[in-house]
Every structure is written in C-alpha cells, then in structure tokens.
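Peer 1: Counting in numbering that gives the first Met the number 0, the sequence shown runs from 0 upward without gaps.
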Amino acid sequence: MIIEWLPDADLDLDEIYEFIAEDDPDAADRQIGRILGQVGKLTEKVSRKGRIGRVPETMELVITKTPFIVVYRTVPGKNQILRVLHCSQKWPKSFE
Numbered sequence: 000m001i002i003e004w005l006p007d008a009d010l011d012l013d014e015i016y017e018f019i020a021e022d023d024p025d026a027a028d029r030q031i032g033r034i035l036g037q038v039g040k041l042t043e044k045v046s047r048k049g050r051i052g053r054v055p056e057t058m059e060l061v062i063t064k065t066p067f068i069v070v071y072r073t074v075p076g077k078n079q080i081l082r083v084l085h086c087s088q089k090w091p092k093s094f095e
C-alpha cells in the first residue's frame with residue numbers, strides 16, 4: 000500500500016516542527032519521527048489502522064506519545080494522509 004501525503008498534511012508537519020523547534024529542535028525531531036514512523040505502518044497489508052474518523056470516509060491514527068492525530072482515507076492502492084492535527088484542535092467538517 001502506498002502512502003500519499005496531501006499538501007495540507009505536509010504543511011501541518013512543517014508547522015508542527017517549526018513550533019516545537021522554537022524551544023527544542025531535538026524534541027521537534029522526535030515528534031516528527033514518531034509521526035512518520037507510525038504513518039509508515041500504513042503500508043502494511045492490514046492498512047486500515049486506527050479508529051473511524053469524525054469526518055465521514057476517514058480514519059484517525061492516534062500517534063502514541065504525542066498529542067497528534069493523523070487523519071487519512073483509503074483509496075484504491077493507497078492511503079492518503081489528509082491532515083496531522085493536535086488533539087485539542089477544533090475538527091473541520093470536511094477535508095476537501
């Protein structure tokens with residue numbers, strides 16, 4: 000299964016890194032590493048991991064040891080990463 004990062008998700012990662020790195024670049028590296036490591040598991044055969052999303056037709060992958068949730072959807076042949084959100088953020092009604 001292929002993982003496709005959509006532009007909003009890429010931007011989320013950049014913003015997460017920049018925010019954390021202002022105080023601690025090493026912590027920023029660790030957080031991004033945790034996110035990427037757990038998203039990487041979406042390439043496995045059982046690719047639907049996490050819970051059913053709050054937004055229709057999405058899944059949510061809770062990133063352990065972080066306050067972040069990766070929102071994704073499965074389309075033929077790939078998992079599309081839609082957003083990486085802090086758990087305290089207000090959730091959008093859609094990701095389109």
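No residue lacks a Cβ here, since even glycine has one placed at the ideal position from N, Cα and C.
Out of curiosity, what's the CA-to-CA distance linking I80 and D22?
Peer 2: Distance between the alpha carbons of I80 and D22 is about 27 Å.
Peer 1: For the alpha helix (DSSP H) that contains L12, what are its first and last residues?
Peer 2: L12 -> alpha helix (DSSP H) spans P6 to A20.
Peer 1: Return yes when the Cβ of V70 is within less than 7 Å of the Cβ of E59, no when it is not.
Peer 2: Cβ distance < 7 Å, so E59 and V70 count as in contact.
Peer 1: From the DSSP output, in three-state form, read off I62 for me.
Peer 2: Of the three classes helix, strand and coil, the one that applies to I62 here is coil, per DSSP.
Peer 1: Over the uninterrupted beta strand (DSSP E) stretch that includes Q79, give me the two end residues.
Peer 2: Per DSSP, Q79 belongs to the beta strand (DSSP E) from K77 to H85.
Peer 1: Check the C-beta distance from A8 over to I19 and give it rounded, since I have them as a contact under 8 Å.
Peer 2: Not quite, the Cβ-Cβ distance comes to about 17 Å (not below 8 Å), so this is no contact.
Peer 1: Where does R50 sit, in a helix, a strand or coil, going by DSSP?
Peer 2: Here R50 sits in strand by DSSP.
Peer 1: What residue from P55, G52 and T63 has the CA that sits closest to I34's CA?
Peer 2: Ranking P55, G52 and T63 by Cα distance to I34 puts T63 first.
Peer 1: Taking the continuous beta strand (DSSP E) assigned at F67, which residues delimit it?
Peer 2: Start and end: F67 to V74.
Peer 1: Using DSSP's beta-bridge definition, name the partner residues of F1.
Peer 2: Residue 1 is actually Ile in this sequence, not Phe. Bridge partners of I1: K77.
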